[in-house]
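Counting from 3, one number per residue, gives the positions in the sequence shown under the working numbering.
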Amino acid sequence: MGEFSYKGRSRDGKLVNGRAAGESVDQVAQRLVATGVIPLQIEALGAVASSVNFEKLGRRIGLGGVTTTDLVMFSRQMYTITRAGIPLLRGLRGLVASTHNAILRETLEDILESLEGGRDLAASFARHPQIFPTLYVSIVSVGEATGTLDKSFLRLTEYLSQEQKMHDSVKGAVRYPIIVMITIAFAVGFISTFVIPKFAPVFAQLKGDLPLPTRLLLGSSSLVRDYWMYSLSVVAVCVFGVRRYLQTQGGRYKWDRFKLRIPVMGKLMYEAMLSRLNRSMAISLAAGMPMTQTLAVIARSSGNVFVSEKIRILASSVERGESLHRSATASGMFSPLVLQMIAIGEETGALPELLDEAASYYEREVDHAVKNLSSSIEPILIVAVGGMVLILALGIFMPLWEVISKAGQA
């Protein structure tokens, strides 16, 4: 047994903190959820024995993980089970027998044992944070408390389906420029290693100074060919240093902020993130979660430190008694149209519905941006490829032109 410190939110949204004993972080989280506290942070105060983590174990032995598609299917099946009034234990046994994903099956078996041991469903889910995020556990917890578990799973199914659609859309948009840039890098490496050295003896016989593009090509080719071990070492050190820097709070914050400012792609990623933020707020408020607890949970699961910090500032403003509209306006995160939706939602009591509409608005903006991405990014790629070809052409042909010119004059 070890001792842990924790911070969390009670069911009414109040911030709570304290210490708890347990054998693992998962066990402490499960106990907190069972008492109505949604854990936000749990830290070990001493060395403790880790409980079995099926997700990490599965990844180590190559079984893969649980995808969003798997979670959508599971949520849909749980909605059917709870909607039909099938007892949870009986329904979960059926899911264990029919689930093909090995990690999810092991996890469901552990959840089944947890339920048989007297724990509630949300507490059982909380034992597996790598599969069930905090938002998922929180909505299930509210559904259990209010007797609307079927509606909670229906909301989660719709939410995760939209998340998967958005993720696939952005992933497809990013894939094209990445493939082009990788192809360019391989082409440059191939030319520097195999093509340019063929011209080096010819250039060595030329009298006089070589043009600057030629000297650059020969120098880069020599560096790649003769000092490749040192080059790889420098690259490895740089990659290691950058990764260590990105693991710091300040480094991660600056990198996440930079990603959202990249031309074309930054706006696309930012609007996709805002769509997720609004949809998360909509599903949480519709399930009955307090606003402050909703914002605290979303801040932890945004996946971007820069955006998380903005959400925490927004949550602090709401905790001080400011309206969501005023706090959102001060954050500078949302467009005027979405701010109007939030204002009307607060005035009419239909905030979840209008937040969902705001998420759909950003989703349409992302779809439009993805469709126009080719026309926006192709000029940049054409300039990059053209610049590379120009440097290669000048580096190779300028000395030859000079030789031909001198021969003609002679």
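Where is the CB? At the ideal position from N, CA and C, for every residue including glycine.
List the residues that DSSP assigns as beta-bridge partners of residue i.
i: Q43; result: K9
i: G93; result: In DSSP, G93 forms no bridge with anything.
i: R259; result: R259 pairs with nothing; no bridge assigned.
i: N19; result: K9
i: G323; result: Paired residues: none, contrary to the question.
Can you find a CB in chain C that lies within less than 8 angstroms of the CB of residue i?
i: L316; result: Looking for chain C here will not work: only one protein chain is present.
Excluding five sequence neighbours on each side, which residues of the same chain lie with their C-beta closer than 6 angstroms to the C-beta of residue i?
i: L73; result: L162
i: L106; result: V68 and D72
i: E118; result: none
i: S378; result: V266
Determine whether the beta carbon atoms of residue i and residue j lie at a separation below 8 angstroms.
i: L77; j: T159; result: The amino acid occupying residue 77 in the given sequence is Ser; Leu does not appear at that position. Yes.
i: A371; j: L270; result: yes
i: A84; j: F155; result: Note on residue identity: the sequence assigns Thr, not Ala, to residue 84. Their beta carbons are under 8 angstroms apart, which means T84 touches F155 by this criterion.
i: E273; j: E367; result: yes
i: L212; j: F205; result: yes
i: H169; j: T294; result: no
i: A288; j: R157; result: yes
i: L34; j: E5; result: no
i: D369; j: S194; result: no
i: A147; j: V139; result: no
i: A238; j: P131; result: no
i: S233; j: L225; result: yes
Using C-beta distances below 8 angstroms, list every residue in its chain close to residue i, excluding the 5 sequence neighbours before and after it, in chain order.
i: I393; result: P215, L218 and L219
i: L90; result: I83, T84, L117 and L123
i: P199; result: S223 and R227
i: I63; result: With a pLDDT of only 40 at I63, under 50, the local geometry of the prediction cannot be trusted, and no value is derived from it.
i: F336; result: L276, A330, I344 and A360
Short of 7 angstroms in beta carbon distance, which residues of its chain neighbour residue i, apart from the five on each side in sequence? Order them along the chain.
i: A36; result: R121, D122 and A125
i: M283; result: T296, I300 and L357
i: M390; result: I186 and V190
i: L1; result: Residue 1 cannot be examined here, being either before or after the span of the chain that is shown, 3 to 412.
i: L59; result: Low confidence applies to L59: its pLDDT is 47, below 50, so where it sits in the model is not reliable enough to give any reading.
i: K317; result: With the sequence shown as reference, residue 317 is identified as Ala, and Lys is not the correct amino acid for it. These residues qualify, in order along the chain: T294, L297, A298 and A301.
i: S325; result: E348
i: V320; result: M293, T294, L297, L326 and S329
* Length at least 4, wholly inside the region 111-183: the alpha helix (DSSP H) runs in chain order -> Segments of the alpha helix (DSSP H) lying fully in the region 111-183: 123-128 and 136-148.
* **Segment contact, 8 angstroms Cβ cut-off, at least three pairs: the region 320-335 with the region 245-257** => With the cut-off at 8 angstroms, the region 320-335 and the region 245-257 do not touch.
* Taking contact to mean at least 3 C-beta pairs separated by less than 8 angstroms, is the region 265-283 in contact with the region 306-318? -> Here the region 265-283 makes contact with the region 306-318; the two share three or more CB pairs at distances below 8 angstroms.
* Hey, is the region 301-308 in contact with the region 254-268, meaning 3+ C-beta pairs nearer than 8 angstroms? -> Judged by Cβ distances under 8 angstroms, the region 301-308 makes contact with the region 254-268, as three or more pairs qualify.
* Decide if the region 28-42 is in contact with the region 5-12; the criterion is three or more beta carbon pairs, one per stretch, under 8 angstroms apart. => At 8 angstroms Cβ cutoff, the stretches touch.
* Counting pairs of beta carbons, one from the region 392-409 and one from the region 199-219, are three or more of them closer than 8 angstroms? -> As far as the Cβ criterion goes, the region 392-409 touches the region 199-219, which means the pair count is three or higher.
* Is the region 170-187 close to the region 378-388, with three or more CB pairs under 8 angstroms? -> Using a C-beta cut-off of 8 angstroms, the region 170-187 makes contact with the region 378-388, since at least three inter-stretch Cβ pairs fall below that distance.
* To do: Count the C-beta pairs between the region 136-148 and the region 112-126 that are closer than 8 angstroms, then say yes if the count reaches three, no if not.
  => The region 136-148 is in contact with the region 112-126.
* Asked: Three or more beta-carbon pairs under 8 angstroms between the region 162-179 and the region 350-369, yes or no?
  -> Segment contact: the region 162-179 against the region 350-369, three or more CB-CB distances shorter than 8 angstroms; contact assigned.
* Asked: Along the chain, which unbroken stretches of the alpha helix (DSSP H) at least 4 residues long are found entirely within the region 340-384?
  -> Entirely contained in the region 340-384, the alpha helix (DSSP H) runs reaching 4 residues are, in chain order, 353-373.
* Asked: On the three-pair Cβ rule with 8 angstroms, is the region 97-112 touching the region 167-179?
  -> Look at the beta carbons and you see the region 97-112 not touching the region 167-179: under three pairs across the two are nearer than 8 angstroms.
* Unbroken stretches of the alpha helix (DSSP H), 4 residues or longer, contained in the region 273-342 -> As far as the region 273-342 is concerned, its whole alpha helix (DSSP H) runs of at least 4 residues are 293-303, 307-321 and 326-333.
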